[in-house]
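Accompanying notes for the structure given below.
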Amino acid sequence: MTATLPTTVDPARLQEVLDGRWAHVRRDAREHLGDPKYAPVYGESVEEARERVSRLAAELATTGRVSLGFPVEYGGQADAGGSVTAIEMLAHGDLSLMVKAGVQWGLFGGAVQLLGTQRHHDAHLRDIMSFDLPGCFAMTETGHGSDVQQLRTTCTYDPDTQTFDLHTPHEAARKDYIGNAARDGRMAVVFAQLVTGGQGRGVHAWLVPIRDERGTPCPGVTIGDDGPKAGLLGVDNGRLSFDHVRLPREALLDRYGQVAADGTYTSDIANETRRFFTMLGTLVRGRVSVGGSASAATRVALDVAVRYGDVRRQFTAPGRDREVVLNDYLVHQRKLLPALATSYAYAFAQEELVGRMHDLHTAVHERGEEVDEAAQRELESRAAGLKAAQTWHTTRTIQTCREACGGAGYLAENRLPQLKADTDVFTTFEGDNTVLMQLVAKGLLTGYRDAFGSLDGWGRVAFVADLVRETVLERTAARGLIARLVDAVPGRDEDVPLRDRGWQLKVFEARERHTLEGAIRRLRRNAATDGMDPFDVFNSVQDHVLRTAQTHVDRIVLEAFVAGIERTPDPAARALLEAVCDLYALATLEADKGWLLEHGHLTPARSKALTSTVNALLGELRPHAVTLVDGFGIPDAWKNAAILDEEARRQEAMHREDTAGRTHGDTAVTVAVPPGQ
C-alpha cells in the first residue's frame, strides 16, 4: 500500500499503539522503575552481581509491582496479562533482575498458584510475593532437558507413614540449571514421577524445602552451583538432588491429581498424557514472558545501534565536506531497518498473544469456567512458536547491532556485549526452540492428537489425515479485515503491486498451506511404506515440518501487525506503520525468494522487483529510523550505554582533528585501533 510518508511522526503516537492493552503497566514501570539502579552494571564479579540482584528483587517486592498476577485475596490484582507485561518491561534494564523476578514470581509463584490448592495458597503465596520465601522451579533434569514427560526423579507415596519419598536415582536425574538454587532459594517446586500403590501416575509437582532459615541445605538435599556462565551473572543457577527426602502428603501440589491418606489416586483428568499437558499448559505464562522479554532486549540493542548510526560518520563522498553518516548507507539500512520492522511485528504479535493468555486464564481461574481445550492448545502452540521466533530474532539482531557499532559495540560500557551474553540462553530455556517449533507443526497436522496422542507416537501407521484442517488458517485479530484484503487481490499476481497488503497476506497464507500439504503428503507416504522404522517416519520429514511451523508463525505475525495498524488512530503514525509493515512482509519474502521462485509464487522479473522495492522502502524509512526507536519508549536510565551520551560529542571533536592516516590520496583506508588505545 504505497503512500507518501509524512515528514515527521510523533513517536508518542507510535508508543501508544505499541503499549496496547497494558499501557498502564508500561507507563507505571517507566515512571516508577525508570531508575538507574535497574540498569545493568558492568565489571562485577559473580558474587557482587548475585548480591546486587537479590537485593533489587527484594526491593522490587516492596513496590507491589510483582503481585499483578496473583489472586486478589492474597494482595494481588488477578491480572495475568499485566504480570507478563511487567516482566517484559524489566527486560529493558538488567536481564538478571528480569530472570530472577521471572523465576520467583512467574515460575515458582505461578506453579504454587496454578498447580496448588487453597491450603498451599494460604501457607505460601504472601511470603512468595514479599520475597520472604525465595523459591525455585525445579523441572529440568541433566539427562532429559525438554523431555519433561520422561523425567527420572521419583516421588513415592508410603501410606504407612503418609509421606512421600523424593529421590534422585542417578546423576542424569539431577535437577540442573535451576534459578535461585545456588544461593537464595529456600523452597522448590520439584517435578517428579508420582508412584503410589506400586503404579506410576505420571509427572506431578511437590513443594520441597531445600534450605533452612540459616541457609543450610535441608537433610537429604544436595545443592550445587552451576558455576560461571556466559551471561546472567546475577542469577544463581544451581543443581539439586534428593536422597530419599521425606515430604508430608500435603506437599503435593494437587490441583490436577490427589493422593488420599491410604494412597488412593484420583484425578478429574483420567488420561495421563492429557493430564500432563493440562498441567504444563497452566504454566504457559513463563514461555510467553521469555518471548516478550527477548523482544524487549532486542529493542534496546536496536535503540543503541540506530542512534549510533545517526551520528557516527565513516568515509567521505564526492562533493561532500564531511564523512557520511552510517545510517545513510544502504548496506547499513539493510542491517538495521528490516530487523527494526520485525521487532515492530513481534511487538504486535506478542500483544495479541498476551491478550489471549490473559482472557483464557481469567475465564478458567477467575470465573471458574471449564477449560476450552481447543483454545488452550492454540495458546500453547502460539506461545511456543512466538517464543522461538522472538528469541532467534534476538540472537541474530543483537549480533547485527554489535557489528553495526564496530569496535564501540564490543565495549562492555555500550551494553551490546552484555545483551548478547544475557540473551543467548533464551533460545533454549523455557523450551528448546527446535523442539517448540515441532510442537507448533504437530498442532497443525490433522489427526495428530487423535491418532498419536503424545510426542512419542509419530511412527504409528494409524496416521491418516486430510490435507489441511480448517483451523490451520484460523485468523488472528482483525479477521474480517484480513479476509477482505485477501479476497480483493486480483487473479494475476503480476498485476498487483508488491506493496498491496492483500497480496502479501495471500502469499504468506499460500506459503503456509503449501508447506503443510507437502509435509502431510510425505508423512502419509512414509506411514504407508512397509518396513519403515517408526522413528524414521517422522525423522525423515523433520526439516519440512520445522519449515511448516516457521511459515505458520510468519503468517500469524503479519496478521497481528495488520491488526495493530487497524487500531492506530493517528494518521501520520498509521502511514509510517504501513510502510514498516511492508518492510517486514517484503523482507521476509525476499529472504525466501528461492522457495517462492521454485514454487511459482514469483516470476524472475517480480523477484528482481521485490529486491528493488525493499531498497526503496529502506530509503523511505531511513529519515524515520530514530523516530521508530523513540516509539519503543525505553527510559534512558535503563539503557546505560555510554555510546549514546558520548558519540555525538566525540565525533564532532574527531572531525576537527587532522585526518592524516585515515585517508591516503583518493582512497579511503580504515585503521583498526584496539580498544583503549
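Residue numbering for the sequence shown follows UniProt numbering, starting at 1 and increasing by one per position.
All residues carry an ideal CB built from backbone N, CA and C; glycine is no exception.
- Under the three-state reduction of DSSP, Q418 is assigned to helix.
- Shown here, K639 sits in a helix according to DSSP, grouped into three states.
- Per the coordinates, the alpha-carbon of G198 lies some 37 Å from the alpha-carbon of L360.
- Looking at the DSSP output, K335 sits in no beta bridge, so it has no partner there.
- Restricting attention to D495, P604, P169 and D158, the CA atom closest to the CA of D262 is found in D158.
- Distances from the CA of A80 to each of V354, G238 and G34 were compared; the closest alpha carbon is that of V354.
- Taking A587 as reference, the option from I87, R499 and D543 with the minimal CA-CA separation is R499.
- Taking the CA atoms as reference points, G406 sits about 12 Å from H332.
- When rounded, the separation of the alpha-carbon atoms in R152 and I178 is 16 Å.
- When beta bridges are read from the DSSP output, L194 appears opposite C155.
- At the C-beta level, D630 and P11 come within 9 Å of one another.
- Rounded to the nearest angstrom, the gap between the Cα atoms of C136 and G238 is 10 Å.
- By DSSP's assignment, P209 forms a beta bridge with M187.
- By the Cβ-count criterion, R275 is buried, with 16 or more other Cβ atoms from all chains shown falling within 10 Å of its own Cβ.
- Contact annotation: I520 and L445 have beta-carbon atoms nearer than 9 Å.
- Spanning the alpha carbons of T264 and G109 requires a straight line of approximately 28 Å.
- Cβ-Cβ distances below 8 Å link R52 to V41, E44 and G234 in the same chain, with the five nearest sequence neighbours on each side left out; the list follows chain order.
- Of all alpha-carbon atoms in D530, A478 and F561, the one lying nearest the alpha-carbon of S343 is that of F561.
- By the C-beta density criterion, E351 is buried, having at least 16 other C-beta atoms within 10 angstroms.
- With contact defined as three or more Cβ pairs closer than 8 Å, the segment 636 to 643 and the segment 20 to 27 are not in contact.
- A check of alpha carbon separations from V189 across P6, G531, F632 and G116 identifies G116 as the nearest.
- Excluding five sequence positions before and after G518, the CB atoms of its chain that fall closer than 7 Å to its own CB belong to H544, given in chain order.
- Annotated as distal: S130 and A29, with beta-carbon spacing of 9 Å or more.
- Between F70 and K100, the alpha-carbon positions lie close to 17 Å from each other.
- When Cβ pairs closer than 8 Å are counted between the two stretches, the segment 533 to 540 is seen not to touch the segment 410 to 427, the count staying below three.
- Note on T4: under 16 other CB atoms within 10 angstroms of its CB, so exposed under the neighbour-count rule.
- Across the structure, Q550 and E31 are spaced so that their CA atoms are roughly 37 Å apart.
- In terms of CA proximity to P228, E47 leads the group L628, E47 and T8.
- The way I'd put it, the segment 265 to 284 doesn't touch the segment 118 to 133; fewer than three beta-carbon pairs between them come closer than 8 Å.
- Cβ-Cβ distances below 8 Å link V203 to V148, Q149, L151, F191, A192, Q193, L194, F276 and M279 in the same chain, with the five nearest sequence neighbours on each side left out; the list follows chain order.
- Taking C-beta atoms under 8 Å as the contact rule, D243 and G220 qualify, at a distance of about 5 Å.
- By the C-beta density criterion, Q418 is buried, having at least 16 other C-beta atoms within 10 angstroms.
- Note on Q118: under 16 other CB atoms within 10 angstroms of its CB, so exposed under the neighbour-count rule.
- Distances from the CA of Q162 to each of A301, R246 and A408 were compared; the closest alpha carbon is that of R246.
- The beta carbon of H552 is closer than 7 Å to those of G385, V440, L444 and E512 in its chain, skipping five residues each way along the sequence.
- Within the segment 103 to 150, complete beta strand (DSSP E) segments of at least 3 residues are found at 135 to 138, given in chain order.
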